[in-house]
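Numbering (full-length UniProt numbering), first residue to last: 1 to 481.
Glycine included, every Cβ here is placed at the ideal spot set by N, Cα and C.
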Amino acid sequence: MYVELDGQGPRYAQLIRSLKSAILEVRLAPGSRVPASRNLANELGISRNTVLAAYEQLQAEGFLHARVGSGSYVADIGNRLPAPPRVGVVPVAPLSDYARRALNASDGAFVPGHEHKGLRYNLQYGVPLTNPALASAWRREINRAVERAEFDYPDAQGLPALREQICDYLARRRGVTASADDVLVISGTQQAFALASRALLDDGDSVVLEDPHYRGARQIFAAYGARVRGVRVDDEGLVPSALPNQARLAVVTPSHQFPTGALLPLARRMELLEWAARQHCWIIEDDYDGEFRFGGRPLAALKSLDRDGRVIYIGSYSKTLFPALRLGYMVLPASLREAFRAAKWLEDRGSNTLEQAALAHFMATGGFERHLRRAAQSLRARRAAMLAGLRKHAGEALEVVDSNAGMHLTAWLRSGTHADCERLAAHARERGLGLYTVAPYSLRTAARPGLLLGYAGLPPADIEAALRLLGRCLRETGLLA
Numbered sequence: 001m002y003v004e005l006d007g008q009g010p011r012y013a014q015l016i017r018s019l020k021s022a023i024l025e026v027r028l029a030p031g032s033r034v035p036a037s038r039n040l041a042n043e044l045g046i047s048r049n050t051v052l053a054a055y056e057q058l059q060a061e062g063f064l065h066a067r068v069g070s071g072s073y074v075a076d077i078g079n080r081l082p083a084p085p086r087v088g089v090v091p092v093a094p095l096s097d098y099a100r101r102a103l104n105a106s107d108g109a110f111v112p113g114h115e116h117k118g119l120r121y122n123l124q125y126g127v128p129l130t131n132p133a134l135a136s137a138w139r140r141e142i143n144r145a146v147e148r149a150e151f152d153y154p155d156a157q158g159l160p161a162l163r164e165q166i167c168d169y170l171a172r173r174r175g176v177t178a179s180a181d182d183v184l185v186i187s188g189t190q191q192a193f194a195l196a197s198r199a200l201l202d203d204g205d206s207v208v209l210e211d212p213h214y215r216g217a218r219q220i221f222a223a224y225g226a227r228v229r230g231v232r233v234d235d236e237g238l239v240p241s242a243l244p245n246q247a248r249l250a251v252v253t254p255s256h257q258f259p260t261g262a263l264l265p266l267a268r269r270m271e272l273l274e275w276a277a278r279q280h281c282w283i284i285e286d287d288y289d290g291e292f293r294f295g296g297r298p299l300a301a302l303k304s305l306d307r308d309g310r311v312i313y314i315g316s317y318s319k320t321l322f323p324a325l326r327l328g329y330m331v332l333p334a335s336l337r338e339a340f341r342a343a344k345w346l347e348d349r350g351s352n353t354l355e356q357a358a359l360a361h362f363m364a365t366g367g368f369e370r371h372l373r374r375a376a377q378s379l380r381a382r383r384a385a386m387l388a389g390l391r392k393h394a395g396e397a398l399e400v401v402d403s404n405a406g407m408h409l410t411a412w413l414r415s416g417t418h419a420d421c422e423r424l425a426a427h428a429r430e431r432g433l434g435l436y437t438v439a440p441y442s443l444r445t446a447a448r449p450g451l452l453l454g455y456a457g458l459p460p461a462d463i464e465a466a467l468r469l470l471g472r473c474l475r476e477t478g479l480l481a
């Protein structure tokens, strides 16, 4: 019998693979006798014990059966010669409605901004602020958490110590009063939207988004079968008079409208809450970067004004710490606590216990807020460098919206079309500069073409150089004289 070993791994494993292949391809027919272990060992130049080990494993798996005093025989496992493959035919797997919607919504870009690797200067929004001191501090917190860890399944609602720290932090920094029972620890903003879709929406229900808005929200609600409706945004944020008569859920960014940077004034916040009460509609308040403000006194979170239990407040640590830390939180109305906790438990049984413990201790000992102060100081310098660079190199071509907050700026073309803006971004990438247009964040065609400029990922000197290059690209594309 011809047996070929593939040279990969232990010899008994090679022999098992070779004999299995011969049996499955019916080169060894059911009922046929395999060579005696001594004969096969001599033929292959291997030890008899190796052959015996392979035969025993194949017998245990049901490929061979032994007859006392007679030898080992190929079992009848219903094997048949496989049909020859049809050239050029790709099997089509049936997908669920959700899977088809998810693929359609994702556009194939599963890591935003990473499709443009290797750029000399990348002004991509969402790139984290590099901080070696934070890396060292986080390593210490993780080591401490490992030493004290309980390795059982976590509480699906989140580690009590972390939920207590979140409540304390939100009360002091964002005016949100909550108990630990109101807090659900999640993996980030995307999971917040996914849980809301599962717990609050049925197919075809209407979800209201600001327009423009965070694209990840639109994608996930569309994937779950919701009907997404955009509501106009102006210089003061969402326009309450444009809200529809019927909706199940609205997602808003009142403290720093994404991506325009507008701050929703108090009067509009009250209008929004009154609308939600009339419509029996839920509101998700996405406070995605409320920690970073560089001028003026911020308004308290919308959640702090909620008297009817309509607002779900969400935050994450992707901007305040780093995106690789997949932790965030939801502050839920009492009426929704159990439903969201059940949905979270079914989805993943709870977030990572070690990272929760590390974060709870980091917050309790003041490390988190010390880090925030340093990060805000660094972001302030980078923002100043971007504003100065835009005035110097692109002021005649771009109108900059300065929101005094966050990790990005929005700059509108003073003249030109959306096609001109896309052409500018493509030209800049050829020159090693990552520029990104506002257009993908709009449900409908945006009224004006513009750029979303992130400044967290570059030091001030590189930001100045990047904007000098932006000025050159504007001139080369005819958008700046």
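Which residues DSSP lists as bridging residue 122, in chain order:
Against the sequence shown, residue 122 aligns to sequence position 122. 434, per the DSSP bridge assignment.
Hey, residue 206 and residue 224: beta-carbon distance below 9 Å or not?
As a working mapping, residue 206 is identified with position 206 in the sequence shown. As a working mapping, residue 224 is identified with position 224 in the sequence shown. No, the pair does not count as a contact, with Cβ atoms beyond the cut-off.
Grab the span of the beta strand (DSSP E) containing residue 227 for me, first residue to last.
Translated into positions along the sequence shown, residue 227 becomes position 227. Counting along the chain, the beta strand (DSSP E) containing residue 227 begins and ends at 227-234.
Taking the straight line between their C-alpha atoms, what separation do you get for residue 160 and residue 23?
For the purposes of this step, residue 160 is taken as the residue at position 160 of the sequence shown. For the purposes of this step, residue 23 is taken as the residue at position 23 of the sequence shown. Their backbone Cα atoms lie some 56 Å apart in a straight line.
Proximity below 9 Å, CB of residue 30 to CB of residue 60:
By one-based count along the sequence shown, residue 30 stands at place 30. By one-based count along the sequence shown, residue 60 stands at place 60. No, they are not a contact pair.
Evaluate residue 110 with the Cβ neighbour count: other Cβ atoms within 10 Å of its Cβ, from every protein chain shown; 16 or more gives buried, anything less gives exposed.
Position 110 of the sequence shown, counted from the start, is the residue given in the question as residue 110. Summary for residue 110: the model assigns pLDDT 49, below 50, so the residue's position carries little reliability, and this model does not support an answer.
To the nearest angstrom, how far is it from the Cα of residue 418 to the Cα of residue 439?
The sequence position of residue 418 within the sequence shown is 418, counting from 1. The sequence position of residue 439 within the sequence shown is 439, counting from 1. Approximately 8 Å between the Cα atoms of the pair.
According to the neighbour-count rule (16 or more other Cβ atoms, all chains shown, within 10 Å of its Cβ), is residue 270 buried or exposed?
Counted from its first residue, the sequence shown places residue 270 at position 270. Its Cβ having fewer than 16 others within 10 Å, residue 270 is exposed.
Of all the options 255, 249, 253, 290, which has the alpha carbon lying nearest to the alpha carbon of residue 277?
The residue labelled residue 277 in the question sits at position 277 within the sequence shown. The residue with the shortest Cα to Cα distance from residue 277 is 249.
Contact between the region 348-357 and the region 144-158: three or more CB pairs below 8 Å?
yes
With a threshold of 6 Å on Cβ separation, who are the neighbours of residue 163 within its own chain once the five nearest residues in sequence on each side are excluded?
Taking the sequence shown and counting its residues from 1, the one referred to as residue 163 is at position 163. Cβ neighbours of residue 163 beyond the five flanking positions: 180, 183.
Beta bridge counterpart(s) of residue 330 as assigned by DSSP
Here residue 330 corresponds to residue number 330 of the sequence shown, with the count starting at 1. Paired residues: 184, 314.
Thinking C-alpha only, which one of 101, 47, 398, 272 is nearest residue 242?
As a working mapping, residue 242 is identified with position 242 in the sequence shown. Checking every option, the nearest Cα to that of residue 242 belongs to 272.
Out of 153, 51, 268, point me to the one whose CA is closest to residue 345's CA.
Position 345 of the sequence shown, counted from the first residue, corresponds to residue 345. The option with the nearest alpha carbon to residue 345 is 153.
Inter-residue Cα distance where the pair is residue 333 and residue 406
The sequence position of residue 333 within the sequence shown is 333, counting from 1. The sequence position of residue 406 within the sequence shown is 406, counting from 1. Taking the straight line from one Cα to the other gives about 27 Å.
Residues in its own chain within less than 6 Å of residue 143 by CB, not counting five upstream and five downstream?
Against the sequence shown, residue 143 aligns to sequence position 143. Around residue 143: no qualifying Cβ.
Give me the Cα-Cα distance between residue 253 and residue 384, rounded to the nearest whole angstrom.
Counting from one through the sequence shown, the residue named residue 253 turns up at place 253. Counting from one through the sequence shown, the residue named residue 384 turns up at place 384. Looking at the two C-alpha atoms, the distance is approximately 24 Å.
Cβ-based burial, residue 4 [other Cβ within 10 Å; buried from 16]:
Here residue 4 refers to the residue found at position 4 when the sequence shown is read from its first residue. With fewer than 16 other Cβ atoms within 10 Å, it is exposed.
Between residue 244 and residue 212, what straight-line distance do the alpha-carbon atoms span, to the nearest angstrom?
One-based indexing of the sequence shown puts residue 244 at position 244. One-based indexing of the sequence shown puts residue 212 at position 212. Computed Cα separation, rounded: 16 Å.
Tell me which same chain residues have a C-beta within less than 6 Å of the C-beta of residue 14, skipping the five on either side of it?
As a first step, residue 14 must be located in the sequence shown, where it is residue number 14. Cβ neighbours of residue 14 within its own chain (closer than 6 Å, five residues either side excluded): 5, 6.
Can you name the residues that DSSP bridges to residue 73?
Position 73 of the sequence shown, counting from 1, holds the residue named residue 73. BP columns for residue 73 point to 33, 65.
Beta-carbon gap between residue 549 and residue 127 smaller than 9 Å
For residue 549 there is no data in the structure shown, the boundaries of the chain being 1 and 481.
Determine the closest residue to residue 472 out of 444, 445, 396, 409, with distance taken between C-alpha atoms.
Along the sequence shown, read from residue 1 onward, the residue named residue 472 stands at position 472. When only C-alpha atoms are compared, the closest one is 396.
Count the other CB atoms within 10 Å of the CB of residue 458; is the residue buried (16 or more) or exposed (fewer)?
For this step, residue 458 is matched to residue 458 along the sequence shown. Looking at its Cβ environment, which holds 16 or more other Cβ atoms inside 10 Å, residue 458 is buried.
When you compare only the Cα positions, how much space is there between residue 363 and residue 475?
In the sequence shown, counting from the first residue as 1, residue 363 sits at position 363. In the sequence shown, counting from the first residue as 1, residue 475 sits at position 475. For residue 363 and residue 475, the distance between alpha carbons rounds to 48 Å.
One or two residues paired with residue 138 in a DSSP bridge
Within the sequence shown, the letter at position 138 stands for residue 138. Partner(s): none; residue 138 has no beta bridge.
Rounded C-beta distance between residue 166 and residue 190? I'm assuming under 8 Å.
What you label residue 166 is simply residue 166 of the sequence shown in a count that begins at 1. What you label residue 190 is simply residue 190 of the sequence shown in a count that begins at 1. Contact flag wrong, Cβ pair sits at about 18 Å.
Determine, using beta carbons only, whether residue 375 and residue 460 come nearer to each other than 9 Å.
On the sequence shown, residue 375 is found 375 positions in, with the first residue counted as 1. On the sequence shown, residue 460 is found 460 positions in, with the first residue counted as 1. Against a cut-off of 9 Å, the Cβ pair of residue 460 and residue 375 comes out as no contact.
What separation, rounded to the nearest whole angstrom, lies between the Cα atoms of residue 479 and residue 415?
The residue you call residue 479 lines up with position 479 of the sequence shown. The residue you call residue 415 lines up with position 415 of the sequence shown. Going by the C-alpha atoms only, they are around 8 Å apart.
Output the boundary residues of the alpha helix (DSSP H) element that contains residue 375.
Counting from 1 along the sequence shown, the entry for residue 375 is found at position 375. 367-394 is the extent of the alpha helix (DSSP H) around residue 375.
Which value, in whole angstroms, describes the spacing of the CA atoms of residue 312 and residue 186?
Residue 312 sits at position 312 when you count from the first residue of the sequence shown. Residue 186 sits at position 186 when you count from the first residue of the sequence shown. Straight-line Cα distance between these residues: approximately 13 Å.
So the alpha helix (DSSP H) residue 287 belongs to, where does it begin and stop?
Numbered from its first residue, the sequence shown carries residue 287 at position 287. Residue 287 -> no alpha helix (DSSP H), and no H or E assigned at all.
Alpha helix (DSSP H) segment containing residue 164, residue limits
The sequence position of residue 164 within the sequence shown is 164, counting from 1. Residue 164 -> alpha helix (DSSP H) spans 160-173.
Tell me which residues share the same chain as residue 466 and place their Cβ nearer than 7 Å to its Cβ, disregarding the 5 neighbours each side in the sequence.
Within the sequence shown, residue 466 is the residue found at index 466, counting from 1. Scanning its chain for C-beta atoms nearer than 7 Å, with the 5 sequence neighbours on each side dropped, one finds around residue 466 the residues 121, 123, 433, 458, in chain order.
Ignore the nearest five residues each way along the sequence and tell me which others in residue 217's own chain have a CB closer than 7 Å to its CB.
In the sequence shown, counting from the first residue as 1, residue 217 sits at position 217. Once the five neighbours on either side are set aside, the close Cβ partners of residue 217 are 193, 209, 251.
Locate the alpha helix (DSSP H) running through residue 197, then write down its first and last residues.
Within the sequence shown, numbered from 1, the residue matching residue 197 stands at position 197. First-last of the alpha helix (DSSP H) with residue 197: 189-200.
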